[in-house]
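Number of protein chains: 2
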Amino acid sequence: MARTPQTQLAVLGALSIEPMTGYRLRAEVVQTLGHFWHESFGQVYPALAALEAAGMVEREPGAAGAGTPFRITAAGRERLRELLAEPFRQPPPRDPLLLRLFFGDQVDPALVRGWLTAALAEAEEARARYEALRPELEGAPGGRYRLLTLLAGVHGAAARAQWAREALELLGEAPGHAPPGPAGPGGA
Amino acid sequence: MARTPQTQLAVLGALSIEPMTGYRLRAEVVQTLGHFWHESFGQVYPALAALEAAGMVEREPGAAGAGTPFRITAAGRERLRELLAEPFRQPPPRDPLLLRLFFGDQVDPALVRGWLTAALAEAEEARARYEALRPELEGAPGGRYRLLTLLAGVHGAAARAQWAREALELLGEAPGHAPPGPAGPGGA
DNA sequence: CTGCACATGTAATGGGTTACATGATTTA
DNA sequence: TAAATCATGTAACCCATTACATGTGCAG
Chain A
1 MARTPQTQLA
11 VLGALSIEPM
21 TGYRLRAEVV
31 QTLGHFWHES
41 FGQVYPALAA
51 LEAAGMVERE
61 PGAAGAGTPF
71 RITAAGRERL
81 RELLAEPFRQ
91 PPPRDPLLLR
101 LFFGDQVDPA
111 LVRGWLTAAL
121 AEAEEARARY
131 EALRPELEGA
141 PGGRYRLLTL
151 LAGVHGAAAR
161 AQWAREALEL
171 LGEAPGHAPP
181 GPAGPGGA
Chain B
189 MARTPQTQLA
199 VLGALSIEPM
209 TGYRLRAEVV
219 QTLGHFWHES
229 FGQVYPALAA
239 LEAAGMVERE
249 PGAAGAGTPF
259 RITAAGRERL
269 RELLAEPFRQ
279 PPPRDPLLLR
289 LFFGDQVDPA
299 LVRGWLTAAL
309 AEAEEARARY
319 EALRPELEGA
329 PGGRYRLLTL
339 LAGVHGAAAR
349 AQWAREALEL
359 LGEAPGHAPP
369 GPAGPGGA
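Sequence lines, in order, name chains A and B. Okay, so the first sequence: first residue is 1 according to my numbering, each after it adds one. Okay, so the second sequence: first residue is 189 according to my numbering, each after it adds one.
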């Protein structure tokens, strides 16, 4: 039905920025919120249907039927503000890499090194992606809050990369590329 | 039934270190893996039952019935090694704080500052907790991999705290306590 | 006219939390 | 003996992913 308030929040929030079809909405969420939030079609459409039934969103007038963008209504904006004001909890952590690493002494050290080098590569790639997006948001007028979420991504990715490097060193294996000189690269 | 391999992995892994009852197992998971992994009773008991039926774990001989610890069998260790060797994916990210922050311009700035100061406090607290655990693991013989997971926690918490501080500054609000002098505390 | 991207939905399934129900053992 | 803690399990519900089913419109 209404899915969780979380999905409603994401949908209403996205539509508060710009009217969109469900399809595009999901694509935008992937591109912009994608670093820290995720929605699938199986959630977006039911959520949109529920919100439309509740009068929080509506199809734009003009061309009717499929392909017509949804837009947020006044009631929807009100609801969005309500949802944002409600308290929330961080979900319990579940990091599959750390879970496996904890039992690392049960397996081939090469396997563990593989996990860590993969994590390092992913983190560095993510960091580069965020840094590339940064100028775009720094110039934007209403993008102050968006910039903050991006910065969270930058910090998080940098920390993860730094950790992976240290971990590889502690296991007696230099990362290969980017050897740890006196002034290591990518300080947090 | 068998729950996901993930829960099996956690249960087998925990029992590979030491025999435990389901109750204590869950408590230990909370205390040791708790920083990056979470299990509830509703998963632990069914997983134990399934693993027992499959011959991966068994009650220790001697006193029978409830309260008798489970221990891992040879087949269980084999299975654990298998599970550890399988590829895995990071779950899609879902950070409720960042989701809300992204739409921060829709609400009272004081609310946003509240989110960030709370996040800052949580991150600093977490970091202190991890640092306190550190000496214990640095001395332990088999704790090399456990130390790595702890370091991940330290890095992550430090990065989160640092980010929250920057975010508060960017919003034109100093963190209050711990003003950002030339040599700020808790550099990453 | 054929394939691809846009668009909307539903159903099956999986996985997980929370609350409930129950009882044994220890400790005050 | 009463309360707290240890211990085990079940049931209801919720959220989410994935796969499936379907149709439209445009570009090559």
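Note that beta-carbon positions come from the ideal geometry of N, C-alpha and C, so glycine has one too. Since the structure is predicted, the reported quantities are computational estimates derived from the model, not experimental observations.
L151(A) and A355(B) do touch by the CB rule: their CB atoms are close to 7 Å apart, below 8 Å.
Positions of the beta strand (DSSP E) runs, each at least 3 residues long and wholly inside the region 212-293 of chain B, are given as 245-247 and 258-260 in order along the chain. For E357(B), the enclosing alpha helix (DSSP H) has its first and last residue at R332 to L358.
For the region 105-118 of chain A, residues whose beta-carbon sits nearer than 7 Å to a beta-carbon of chain B comprise D105, Q106, V107 and L111.
By the criterion of at least three beta-carbon pairs nearer than 8 Å, the region 225-232 of chain B is in contact with the region 83-98 of chain A. Of all residues in the region 65-81 of chain A, only R77, L80 and R81 place a beta-carbon less than 8 Å from a beta-carbon of chain B. If you draw a 10 Å sphere on the C-beta of G104(A), you find 16 or more other C-beta atoms in it, and that means buried. Taking the C-beta atoms as reference points, R127(A) is found nearer than 8 Å to A161(A). For F88(A), the nearest beta carbon of chain B is closer than 8 Å to its own beta carbon. Using a CB distance cut-off of 8 Å, R288(B) counts as an interface residue toward chain A. In this structure, the alpha-carbon of A157(A) lies about 29 Å from that of G327(B). Non-local beta-carbon contacts of G264(B) in its own chain, meaning distances under 6 Å to residues more than five positions away in sequence, involve L200, M244 and V245 in chain order. For E313(B), the enclosing alpha helix (DSSP H) has its first and last residue at P297 to G327. Comparing C-alpha distances from L147(A) to each of L84(A), H35(A) and L171(A) shows the shortest one belongs to H35(A). Under the Cβ criterion of 8 Å, Y145(A) is counted among the residues facing chain B.
Between the beta-carbon of Y318(B) and that of G341(B) there is about 4 Å, and that keeps the pair under the 8 Å contact cut.
The CB of E166(A) comes closer than 7 Å to the CB of L339 in chain B, given here in chain order. The C-alpha of R81(A) lies about 20 Å from the C-alpha of V44(A).
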